[in-house]
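What follows is a short report on a single structure.
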Amino acid sequence: MTQSTLEKTYYSCSDKIRLPPLDEMRTAIGRFYQNQGGKSKWFNFIGLGDVVEFRFIKKMFYVSDFMWPSVIGFCGILVSIFNLLNNGMRGLTIGNFHSDLVLILVLSLCLFLSAYPFMAKSFDCNMQERPPATSYFLRLMKLSAIFVISSLLFVSAFYYLGMISITFY
Numbered sequence: 273m274t275q276s277t278l279e280k281t282y283y284s285c286s287d288k289i290r291l292p293p294l295d296e297m298r299t300a301i302g303r304f305y306q307n308q309g310g311k312s313k314w315f316n317f318i319g320l321g322d323v324v325e326f327r328f329i330k331k332m333f334y335v336s337d338f339m340w341p342s343v344i345g346f347c348g349i350l351v352s353i354f355n356l357l358n359n360g361m362r363g364l365t366i367g368n369f370h371s372d373l374v375l376i377l378v379l380s381l382c383l384f385l386s387a388y389p390f391m392a393k394s395f396d397c398n399m400q401e402r403p404p405a406t407s408y409f410l411r412l413m414k415l416s417a418i419f420v421i422s423s424l425l426f427v428s429a430f431y432y433l434g435m436i437s438i439t440f441y
């Protein structure tokens, strides 16, 4: 019999974190999701921190699908904003391609906003020990399509408005 992601994560860190028994955690998590009702489903991990040890929730984030695109997008947003505030419109040059940091900010926003809903849904499925509704490949294709379409729309709109400069040498 295969273990769920919740069980694997529980057994890997239960001694270090001193978690309650797995059945108690399942009951508490089930009660939380049952009482959640129509509240925001994208930020369940915040409320779960009151029910379950927050370090365990952090470990569950690490094993969620699409966590790394969300983290990379969020870090790109922070780095771009920090550089824009401190250095202004500094350029980025890679080979024959040159652009300003607004492009990196727009691409990071698109990556974060396209990956976060998939990561939150994967986290909820892992916590409730139920399989996702669609296959991993289909979710990956959806994420890729959303990222590419939103990036093209935003970059072309900002380029048309003159907020982004892109040059090829």
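Under my numbering, the first residue of the sequence shown is numbered 273, with each subsequent residue one higher.
For every residue, glycine included, the Cβ atom is placed at its ideal position computed from N, Cα and C.
None of the values given here were measured: they were computed from a predicted structure.
At least 8 Å separates the beta-carbon of Val427 from that of Leu377.
Around the beta carbon of Gly367, a 10 Å sphere encloses fewer than 16 other beta carbons of the protein chains shown; the residue is thus reported as exposed.
A Cβ-Cβ distance of about 5 Å is found for the pair Ile438 and Ser371, placing them in contact under the 8 Å criterion. Nearest C-alpha to Phe328 among Cys347, Arg303, Lys288 and Tyr305: Lys288. Cβ contact annotation for Leu379 (same chain, cutoff 8 Å, sequence separation greater than five): Gly348, Ser423 and Val427, in chain order. Under the three-state reduction of DSSP, Ser276 is assigned to coil, being neither helix nor strand.
When the Cα atoms are used, Leu381 and Val351 turn out to be separated by approximately 12 Å. With a cut-off of 8 Å on Cβ pairs, the stretch 280-287 is not in contact with the stretch 403-417, counting fewer than three such pairs.
In this structure Glu279 does not touch Leu291 by the C-beta definition: roughly 12 Å separates them, more than the 8 Å allowed.
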